[in-house]
Amino acid sequence: MAQLHRDRRCQRQGDRIVDAVGSPLRGRPRTALGVDQSLRSGAQRLGARRHSSPDFQVHQRRQEAAADARRARRGFKRPTDIAWLPDGTFFVSDGYGNTRVAKFDKNGKFLMTWGTPGTGNGQFNTPHSIATDKNRRVYVSDRANNRIQVFDENGKYLDQFPNITQPYNIHVSADQYLWVFSGPLDKMLKYDLNGKLLYAWGTHGTAPGLFWAVHSFSADTDGNLYTAEVFGGRPQKFRPKPGADPAKVFHPQP
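The opening residue of the sequence shown carries number 1045 in our numbering; numbering runs sequentially from there.
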């Protein structure tokens, strides 16, 4: 057991608790017990302190685990996108400040998280957008790694679509294709769910109908496409032409 000492900031005199100079303390004392100074070592921040007492190490590790859980539940740092499953389960790509995906149930209860910084499978460098398909697979736009990664709903790595230049925003359509907007290329890309490129369109510029860094897009039930441009500083609406090829029109999942 670690040696304990009385904190000199407070002490008991009969039924009273007083400070170091004998003045009565109002309210609850700040600290009543501490670890003997001879056992202290290392940095003083949580997660970096180490002590010679095995009992204290166990307690400290529990504190670290609890802190990790709190960060997982609450520690968003500029999240980038959100996607739902039909039962209300949802996923958040957390995004600019973190490198992870967080999963919640329909009531907002935190369930799990996955992802670390890097280039390996299941690692991210700016997870910027997220989508799901009817088989409950999760697609993550790993923007700075120039790829899209595919997971099951519990974070198990399944596949990746490499060599996609900075995918800014992604959606799975009602007919189960993956639509991607590449920011630097200023192009809309359509893939099947095995990662095969099927179709691309778009040209850089500021004139109507051209693109300059589309950061997000969506569509309504009539197939009208809406885009939001970062550097163009505008939204645009695209209406399908009469007789347009349905395979080239994006329809969102219900």
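Built from N, CA and C at the ideal position, the CB exists for glycine as well.
- Apart from sequence neighbours up to five positions away, the residues of its chain that approach residue 1295 with a beta-carbon distance below 8 angstroms are 1217, 1218, 1219, 1263, 1265 and 1267, ordered along the chain.
- Distance from the Cα of residue 1211 is smallest, within the candidate group 1257, 1166 and 1253, for 1257.
- Taking all protein chains shown into account, residue 1147 has 16 or more neighbouring C-beta atoms within 10 Å of its C-beta and is therefore buried.
- Looking only at 1160, 1252 and 1157, the smallest Cα-Cα distance to residue 1279 is reached by 1252.
- For residue 1214, the closest alpha carbon among the candidates 1202, 1259, 1246 and 1206 is that of 1259.
- Sequence-distant Cβ neighbours of residue 1248 in its own chain, meaning closer than 6 angstroms and more than five residues away, are 1230.
- Rounded to whole angstroms, residue 1271 and residue 1200 show a C-alpha spacing of 31 angstroms.
- Contact between residue 1194 and residue 1181 holds: CB atoms are separated by about 6 angstroms, below the 8 angstroms threshold.
- With respect to the C-alpha of residue 1119, the residue from 1157, 1209 and 1149 having the closest C-alpha is 1157.
- Short of 8 angstroms from the beta carbon of residue 1202, and not among the five residues preceding or following it, lie these beta carbons of its own chain, in chain order: 1181, 1194, 1195 and 1196.
- Looking only at 1291, 1143 and 1281, the smallest Cα-Cα distance to residue 1162 is reached by 1143.
- The criterion of a C-beta distance shorter than 8 angstroms is not satisfied by residue 1190 and residue 1168.
- Around residue 1128, the same chain offers 1134 as residues with beta carbons nearer than 6 angstroms, after the five sequence neighbours per side are excluded.
- DSSP, read as helix, strand or coil, puts residue 1284 in coil.
- Taken in chain order, the complete beta strand (DSSP E) segments of 3 residues or longer contained in the segment 1171-1240 are 1171-1176, 1182-1186, 1191-1195, 1201-1206, 1211-1216, 1222-1226 and 1231-1235.
- Relative to the Cα of residue 1245, the nearest Cα in the group 1291, 1297 and 1152 belongs to 1291.
- Nearest in C-alpha terms to residue 1186, of all of 1172, 1159 and 1281, is 1172.
- Around the beta carbon of residue 1243, fewer than 16 other beta carbons lie within 10 angstroms, which makes this residue exposed.
- Cβ contact annotation for residue 1208 (same chain, cutoff 8 angstroms, sequence separation greater than five): 1190, 1191, 1192, 1224, 1226 and 1233, in chain order.
- In the three-state DSSP reduction, residue 1121 falls in the coil class, being neither helix nor strand.
- Residue pairing by DSSP places residue 1269 opposite 1263 and 1282 in a beta bridge.
- Setting aside the 5 residues that flank it on each side, residue 1228 is surrounded in the same chain by 1209 and 1210, each with a C-beta closer than 7 angstroms to its C-beta; the list follows chain order.
- For residue 1244, the beta-bridge partners assigned by DSSP are 1233.
- By the 16-neighbour rule on beta-carbons within 10 angstroms, residue 1288 is exposed.
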